[in-house]
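I have placed the structure first, in the form of structure tokens, so that the comments after it can refer back to it.
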Amino acid sequence: DYECPWKGHADYYDIMIGDKVNSDAAWSYPDPKPAAKQIKEHVAFERSKGVQIEM
């Protein structure tokens, strides 16, 4: 768990690809503080853990 001083509490998620688990490779702020309200219901991905998003 992580508590950002201006965003609030972050929830971390594991990502599974096949049978491989990439621990804590994504996170979100389910109830961000008022200064960060625009990030509610968004998910961030950790590039340093090899996560690549293709759209």
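Those letters in the sequence shown? Residues 1 to 55, per the UniProt record's numbering, in order. For every residue, glycine included, the Cβ atom is placed at its ideal position computed from N, Cα and C. Since the model is a prediction, treat every value here as computed from it, not as a measurement.
Collapsed DSSP secondary structure at residue i in the structure displayed
{"i": "Ala-37", "result": "For the record, residue 37 in the displayed sequence is Lys; it is not Ala. Reduced to three states, the DSSP call for Lys-37 is helix."}
{"i": "Lys-20", "result": "strand"}
Residue burial classification, residue i (beta-carbon count within 10 angstroms, cutoff 16)
{"i": "Tyr-29", "result": "buried"}
{"i": "Gly-8", "result": "buried"}
Residues of its chain near residue i, where Cβ-Cβ distance is below 6 Å and the 5 sequence neighbours each way are ignored
{"i": "Val-51", "result": "Ala-25, Phe-45"}
{"i": "Lys-49", "result": "Asn-22, Ala-25"}
7 Å CB neighbourhood of residue i in its chain, flanking five on each side removed
{"i": "Trp-6", "result": "Lys-33, Ala-35, Ala-36"}
Short Cβ contact (8 Å threshold) for residue i with residue j
{"i": "Asp-14", "j": "Ser-23", "result": "yes"}
Residue nearest to residue i in terms of C-alpha spacing, selected from the options
{"i": "residue 125", "options": "Cys-4, Asp-11, Asp-1", "result": "With the chain covering 1 to 55 only, the question about residue 125 has no answer from this structure."}
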